Every structure is written in C-alpha cells, then in structure tokens.
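Protein chains in written order, with my numbering: chain A, 782 to 1303; chain B, 17 to 462. From the three backbone atoms N, C-alpha and C, an ideal C-beta is built for every residue, glycine too. Keep in mind that this is a model prediction, so the values were computed, not measured. A short worksheet on the structure shown next.
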C-alpha cells in the first residue's frame, strides 16, 4: 500500500467492510443529527451582547409585564452550527437539478442578492418622505416598464406579494370593471381542469362560482366546451399559458375572442411565462390581465417557500382598475407614490406598504443581466431543454401528449402499469440518485402525472445524467423490482415519513416538559 | 450569457436528438401573428455584473438609508440591529434556493426550521399553535378576519380605530370583493373607543392592535371576555414583534387569533417588503387556519421527522373549497426571524424589549422639552404620538432636509386628517446624540 509523506496509508486496506455502519451517535459522516433548538437550552446563555437597560420609569401603563416566555438560550457558535446542520438536510437548486414542473427552479444569481442588500434599498423605511426615496421609486418604475414592455401590456401593479396574491388582484380588477359597467349578473369564473389549485381557490375566495372546462385529447382547453359555457353570467376565464401540461394553447387567440365576445375578461396565470419570455407578448394573444411570478421567470430565490412577488400586468381594458399604491412620475421628473385609492377606479390596498421591494431589486438585476436578447435565449433554452428530455425519455416512459412541449414535459404512469411501482416510488428512488423529484400527481388531467421542468440553467451534461438515472429506474420498474422502489429513499437524512400519522394527531409545535409561567392578565 | 450553460454545439446536438432543424420549430404552436422575430424593442441588451452593479448602485445612491441618519420611523416597520450571523445563515444556498418542502426526505432542514418557527411564534404570542407564516402582518390580519367569518358563520368584522390603516384597508379590500361587512371605528389617537357597542349577533370578530397604531398599550382582557359572551372572536394584531418581549401576550388576554408582523426580528426594512406575517390561534381552531403547517411525525425507521401537514385545508388539494388561496408564504423571512430569535434567546429578547421601551421613554422626555410639542400617549412601548403646532407632513419634510428621519405623519397613514399628529418610534439603534439632534432640529423647524 502506498504511503503519504506523513507515513499514513493512502490506499484502502484489502478486505475492508464497506457496509454502512450503525454509528453510536446516529450521525452518518457529513449527515449530522440535529436536535430541536429548544432541546439545546441552557438558562442564562445568550447569542447576543446587549448593553444595560437605561434606568427609566416605565410608561407601559396598566398592562402587566409578561413572565417567562420559554425561549432557549444558546451562544452564537451553537446557533451557527444548528442552522448549518439543518441546511445540510435540504436539497436545493444550488446542489443539483430540481425539475419541479410548474415551479421553475432556475439558478438564483448572487448578484441579485448583493444588489438587494445595498443600504440604499435594504435600509430604507417604507414611510420615509418621498424626497428621500427617489431611487427606490425609480427602481419600481423601471421594473414596471420592463414587465409592461415584455408583456406588451398597458399597466402594471407591483403590489401583490406572490402569485396567488396576484391572481386575487387580477380577479378583483375584473370584478371592478364589471361593477363599473353596472354589470352585476356575472357570477362565474371558468377554470380549466388542468389549472393550478390557486386558480379555483382564488375565484372562489372572490365570491365566484367556479366552472371547470375539460381538456381535449391533445392536452388543450376544449374550445367547444368553453364556448358552450360562455354567456352573460361569466365574468372571466382563468387560463394558464403555456398550460400545466407544458403545452402552448394553440387556439388562444380564438379563445380570447370568444371570451371578449361574451363580455368577459381573459385572465392568464403567468406561472409559465418563462417558456415564452422575450418571444411572445401576452398582450398579442388577447390576454387582459396576467400575474407574473418574479420567483419563477425572473430568478428571485424560492427560499424554502417564499417570499415571492406577483406583479400583475393589465391591458388597456383593465388598466384603470389597479390596487394602491402605485408610482407616478411628475412632469419635473420626480417620482411619487399614490397611496390612497380616493374616489377613482383604483380599488384599494392588498397588503401593507408598497410590495416586495427586495424581490423587485433582484428581478430587475436579473432582467438587466439578460437583457431583451438574453431573455429570448432563456425561453429558447428552457424549451430546448424540456424537449430534449422528452425526446430522450419518450421510449421508456409514457408522454401524455404529443410534442413539442414548451418549458416542461408531462408523463403519466401508463409505463408503470402492472409493475406495482407508482409515480411516488419513482420520485423517491430519484432522490437516492441525487436528484430532486419532478412534480408528482399534477396536473390532475392525466393519471399519475410526472411533470418535469429542467429550466434553461441546466447544462446538457446535467440533463444527460438525469436521463441516465430515470431510464434506469424506468427499466428497473418494468422488471418488477417493487421492493427496491418501496424502500426508497434509503440514503437521505430521513426515509419516507408517515404523513397520515402527522395529520391524524397533529403535533405542530414543541412543548416544554414544564410549561413556562402562564401570565394571567387580571 | 453567464447564466446559460448550453453551448452552440450543445444546442445543435440537442436539436438533432429532438429531430427538429431549429428551436423556432419548437414554438410552432404559437399563433403566427403573435411570434416575435427578434428581441423586444425598448429594452437594453445583456450586461455584465459590473454594469448592472453600477446602474443599480446609482439608483440605490439616490435614497437616504435610514441607518445613515438619526431615524425614528415605525408605524409597522421598525429598524432594529440584525446580528451578522442572521444574514450569513439565510444566504446558505440550501435554504435560499430550495422550494416549498413538498418532498420531506430532502427538506428536513426547512421543515425543522418551520417547526421551530411555529413553536417560537406560539410562545411569543401566548397562543397554542402558529402556522408557517403569511405574506405580512396586514394580509395575516385580513386572513384572520376571514377565518373568524368561517368559524362563527357570521359576516361582520369590527375594526378598531387603533388598527394600522394599511391593515384596515387590506381587510376592507377583501371585504368588498369577498363579500363581508366591516364596521370601521374612527381613529381615536388620544382616548379609548367603545368597540363592544358595535358588536351584535352578526359580528364574527373584533380586531384590535397592541400597541395600537398611535403607540398606546392596551389591555384587551375584558374585551375578550365580552366578545366571547357575544359569540365573536377576538383578533389581536401586533405590528412590533419586539413588544412581545415585555408585554402580556395576546394569548393571555384571551385572543382567539393573533395576526402579527415579524419584520422586527431578522428582517431589514427593505422599503416595505418582503416581511413575514405571523399567524397564531387557539388549538381548537387549527383546522380552520389558512397557510402551511409543519407537523412532527416519524420516518420508515421510526426516527423523528417533519412534514407539511393538514394540507386538506389548502388550495393544492381542496381547490375552490380551500381555507385560503395562499401558496407561497414568507419562508426565508421566517427563517431570518427564527435565527434572530434563537440568538437572542429568553434573556436577549426580553432585554431587547426593555431597551426599546427605555429608549422610547428617553425620547419622549426629550421631545416633550421642545416648545409646542405635546406627547399624546399615557402609555406606550417603543412608539408614541406627538401633537405638533404645525402639519406633521411639513415638519417631517423639513426635518429630512436637515438629515433627520423624524417619524411618520398620521395623515400619511390615514390619508388626510389628523394633520398635527406625528408617530415616532425609538429602538435600540437610536443613540442619545440621535435624540438630541432630533429635538434640536424639531425646535428649529417648528
């Protein structure tokens, strides 16, 4: 055996046992078990050094001071280690391919993070005098200009906090427009069966009855069924385009004309804008209103579930019906915020302050980096990558619809028929191969859906490796190796988790062995 | 283009594998009339990092960072010192660039963070359970009202005049479109209000804020009992989470739902967002809650682990029957909140609250010494209202010219009226010399 210059062997001893050991600590090398932060408490320990409290007479009034809260005490190194270890139990786009269909898990550039942290953006209070925040208002105006130009739309609101919030905003605008015309008879919103769950939830939350539109054999909206449902009781159509089957709605212009002819408005869920950004302007398709997920198309980080940002663009027809606040520019070039709805058609406020500014900075940094030419290339490469996966997988898996697809490709579980292996099993086995699974069981219009969205930020080598893994799993499923799949994943910090037990007897927080002092307010 | 790994050779070989001559062919389903032949006009082309940095830094340079001058703004967003550790940990790619933890085996990090966050929020608010966050305090407030409507099967909310106007307006916007009634009490900057008189058999909830938007610290215990007697829920809003280190928590006052803004912990001012909505309820209301919930369970080997749970309330399962349309929440801001609170711990958090209160007392004493300035509040935590002999909006502008960010005019929040009232906050970041400078400048501009 060879030795290094300190006399230590550098090779592997013959006959060494390569089985994964049961360790004393439960740790497995770089996978370190980490207790709850509450289980690491030592009373009196603290991770910050604060000065003495200035001696003053309390002005809290009659309300009592509270007793012990029950927060754990840790020093800074323990806190750093806790969160570092937890982070290592996550898969992330930084670690590898994250092909969650409909979620657009693309690379999150770090320049965006740096720009959002400039004190001129991050350390500005939302209610500072306008004269002290001209650059922030300029940034909002500039982001709005990019979004309006890319979509060909007349107006933009940046207020909504996420995609679903943007949907709410769009439906409120549609309702406002009908109300302004005195048209109170429109009680329905049409939503295709393939839509994201947020679409029907939004329409219902806004008081509309939801009517589902079936899909055709080729994965698009059934135009005849749609036309049959359109009438004086329909307020609007909510359609995702490209749709959640990863297909462009070929009839979209005809759909828009039919919707408009019925006196309704056309809402587009812009979750999949990434597929067409820079190549198609939604305004040219006859869309009246569309939200844009900055955390999808424009690369702001998903952050383990937010924060997002869901600006909404409006065609001329709906442009007056926006929420407050919005930015206007005076003749002298100064920017102003309009914060009160007043008596005009603007319909009110949707959240505190002015929108997700931190996300605006990131999205604009991304847009400027790519530019109009680069964004077009983004769409090209996103669609190319998805079609490449479709081409490489179509003989071992079952594509639900004929291609070409747009930015994502949809398979169903017909290729698993009779094997005893399910879509879920494939997903869990992919985890052991080092990939995040695709979106499973969505959209609902096909059985056992596997929706794969690679995004444009994956290299060909990365796609090829994914194809190799997925092809091997498909073959393995076909030979009926059910036990292998049902046991997966085996190499993760935790194996399959019992979700049924979690829901039956919910444990939603840690509870101390001894309750902290309950403060009575008598 | 630095974010795109495909080379021209890759693209050619991939097109070949697909069996199409060009990428344009893949877009053949797009109606011809809507196809653009080249880059969209009116926008710049791609830029290097240096150029983007330069352009955005120039824009940032036109703003006055609150930390660069004596600053006393609050009214729902507070400037606190955030330990360096917080942002360092938040920027770990495994947190920053992960999605909602739908695949629990590869998301235990995010899930355990959420479980700990839910516990922290429950402890701070004195409630039984909290969710995994909402967009912000104002949307949490509106969701709380809609939840109260569901729970009580009533459709009228009574909103205190001490509720932050943005929270009020967010709720009334929803009321208008979703179809419920709101009774909005007029602002009462100096005195109390008779909320109970507005409660009747149709009232689903009473929404109050503590400390209220003018800074008054309130005890809502009696109101809570009275609401309960009338079958209405008590919703308590908190816009300054640090106050929970010192004041009796809403849970101990009988709140049924707490809707709060968590920005003060771990999150920078960011010109108003992103922030993090906190949402906590009594145990029996859990299944009517909006938003994500993380729960504890075991894995196939019997080890403790965490999953998203009770998702039958949510839009991706229930579609039009969901308790809310919320999907994305404020995951990363919740993480920042959690890390900051973990660093503070029991001792640090309570001391931070005490320092905030003491600073505000010092500021109030200082400003009261300025001729013409009257402190309106009998009680406050770290924010209070002063009455000025001139319109507050003018005063604030004149102070800004002197390099002081001197508070929020009530007229800006309420859209007119209350012209002479200025809402002023102090935190641990304000020094004695900041306060001296503020008082001196205020004396000059009055």
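Residue i: contacting residues in chain B (beta-carbon distance under 9 Å)
i: residue 894 (chain A); result: 107, 112
Buried or exposed (CB count within 10 angstroms, at least 16 for buried), residue i
i: residue 77 (chain B); result: exposed
i: residue 1245 (chain A); result: exposed
i: residue 1097 (chain A); result: exposed
i: residue 874 (chain A); result: buried
i: residue 1299 (chain A); result: Because residue 1299 (chain A) sits at a pLDDT of 48, beneath the cut-off of 50, its placement in the model cannot be relied upon, and the point is left open.
i: residue 159 (chain B); result: buried
i: residue 1301 (chain A); result: Because residue 1301 (chain A) sits at a pLDDT of 38, beneath the cut-off of 50, its placement in the model cannot be relied upon, and the point is left open.
i: residue 1188 (chain A); result: buried
i: residue 341 (chain B); result: buried
i: residue 888 (chain A); result: buried
i: residue 185 (chain B); result: buried
i: residue 795 (chain A); result: exposed
i: residue 808 (chain A); result: exposed
i: residue 188 (chain B); result: buried
i: residue 1303 (chain A); result: A caution first: residue 1303 (chain A) carries a pLDDT of 32, below 50, which makes its placement in the model unreliable, though a value can still be read off. Looking at its Cβ environment, which holds fewer than 16 other Cβ atoms inside 10 Å, residue 1303 (chain A) is exposed.
i: residue 405 (chain B); result: exposed
i: residue 97 (chain B); result: exposed
i: residue 1077 (chain A); result: buried
i: residue 16 (chain B); result: The displayed coordinates of chain B run from 17 to 462. Any statement about residue 16 (chain B) would go beyond what the structure contains.
Where the beta strand (DSSP E) through residue i begins and ends
i: residue 225 (chain B); result: 219-225
i: residue 1112 (chain A); result: Careful: residue 1112 (chain A) lies outside any beta strand (DSSP E) and carries neither H nor E.
i: residue 312 (chain B); result: 310-314
i: residue 273 (chain B); result: 273-277
Under 7 Å from the C-beta of residue i: neighbouring residues of chain A
i: residue 83 (chain B); result: 900, 904
i: residue 185 (chain B); result: 1129, 1130
i: residue 349 (chain B); result: 1088
i: residue 412 (chain B); result: 910
i: residue 395 (chain B); result: 840, 841, 842
Residue i: first and last residue of the uninterrupted alpha helix (DSSP H) it sits in
i: residue 1116 (chain A); result: Segment 1116-1119 is the beta strand (DSSP E) holding residue 1116 (chain A); no alpha helix (DSSP H) there.
i: residue 1025 (chain A); result: From DSSP, residue 1025 (chain A) is part of no alpha helix (DSSP H); its letter is neither H nor E.
i: residue 923 (chain A); result: 915-932
i: residue 1169 (chain A); result: 1138-1174
i: residue 955 (chain A); result: 944-961
i: residue 981 (chain A); result: 979-986
i: residue 1069 (chain A); result: No alpha helix (DSSP H) holds residue 1069 (chain A); DSSP gives it neither H nor E.
i: residue 334 (chain B); result: 331-334
i: residue 111 (chain B); result: 109-112
Amino acids of chain B, ordered along the chain, whose beta-carbon sits closer than 7 Å to that of residue i
i: residue 1306 (chain A); result: With chain A running from 782 to 1303 in the structure shown, residue 1306 (chain A) is simply not present.
i: residue 860 (chain A); result: 101, 355, 358, 359
i: residue 825 (chain A); result: 363
i: residue 845 (chain A); result: 264
Under 8 Å by beta carbon: chain B residues contacting residue i
i: residue 1192 (chain A); result: Those do not exist, as residue 1192 (chain A) stays about 16 Å from chain B at its closest Cβ, beyond 8 Å.
i: residue 875 (chain A); result: 109, 110, 112, 113
Under 8 Å from the C-beta of residue i: neighbouring residues of chain A
i: residue 486 (chain B); result: With chain B represented from 17 up to 462, any question about residue 486 (chain B) goes unanswered, as that position is not in the structure.
i: residue 69 (chain B); result: 892, 895, 896
Chain-ordered chain A contacts of residue i [CB-CB under 9 Å]
i: residue 155 (chain B); result: 942, 946, 1131, 1132, 1133
i: residue 281 (chain B); result: Simply none; closest approach about 11 Å.
i: residue 241 (chain B); result: Going along chain A, no residue has its Cβ under 9 Å from residue 241 (chain B), so there is no contact; the nearest lies around 10 Å.
Any non-hydrogen atom of the ligand ZN within 7 Å of residue i CB
i: residue 316 (chain B); result: For the structure depicted, the ligand ZN is absent and the ligand set is empty, with no information on it obtainable.
**Study point:** Three or more C-beta pairs below 8 Å linking the region 862-880 of chain A and the region 1204-1218 of chain A
**Key:** yes
Exercise for review: Assess, as a yes-or-no matter, whether the region 350-362 of chain B is touched by the region 274-284 of chain B under the definition of 3 or more beta carbon pairs within less than 8 Å.
Suggested key: yes
**Study point:** Proximal residues, the region 1265-1287 of chain A versus chain B, C-beta separation under 7 Å
**Key:** 1270, 1273, 1274, 1275, 1276, 1277, 1278, 1279, 1280, 1282, 1283, 1284, 1287
Practice item. With 7 Å as the C-beta to C-beta threshold (strictly closer), list the residues of the region 902-929 of chain A near chain B in chain order. Key: 902, 903, 904, 905, 906, 907, 908, 909, 910, 912, 913, 914, 915, 916, 917, 919, 920, 927
**Study point:** Interface positions of the region 960-982 of chain A facing chain B (Cβ-Cβ less than 9 Å), listed along the chain
**Key:** 972, 976, 977, 978, 979, 980, 981, 982
Check your understanding: With a cut-off of 8 Å, do at least 3 Cβ pairs link the region 967-983 of chain A to the region 931-947 of chain A?
Key -> yes
Practice item. Note down, in chain order, all residues in the region 1238-1262 of chain A with a beta-carbon under 9 Å from any beta-carbon belonging to chain B. Key: 1238, 1239, 1240, 1241, 1242, 1243, 1244
Practice item. Give the residues from the region 189-201 of chain B that approach chain A closer than 9 Å (Cβ to any Cβ), ordered along the chain. Key: 189, 190, 192, 193, 194, 195
Check your understanding: Using a beta-carbon distance cut-off of less than 7 Å, what residues from the region 1161-1185 of chain A approach chain B?
Key -> 1161, 1162, 1164, 1165, 1168, 1169, 1172, 1173, 1185
Exercise for review: Mind the definition here: the region 1045-1060 of chain A touches the region 1007-1023 of chain A only if three or more C-beta pairs lie below 8 Å; say whether that holds.
Suggested key: yes
**Study point:** Contact between the region 378-398 of chain B and the region 230-243 of chain B (3+ Cβ pairs under 8 Å)
**Key:** yes
Exercise for review: Could you tell me whether the region 1084-1094 of chain A touches the region 1167-1182 of chain A, using the rule of 3 or more Cβ pairs below 8 Å?
Suggested key: no
**Study point:** Within 9 Å of chain A by C-beta, residues of the region 112-133 of chain B in sequence order
**Key:** 112, 113, 114, 115, 116, 117, 118, 119, 120, 121, 122, 123, 124, 125, 126, 127, 128, 129, 130, 131, 132
Point to revise | At least three beta-carbon pairs within less than 8 Å, the region 265-281 of chain B to the region 68-86 of chain B | key: no
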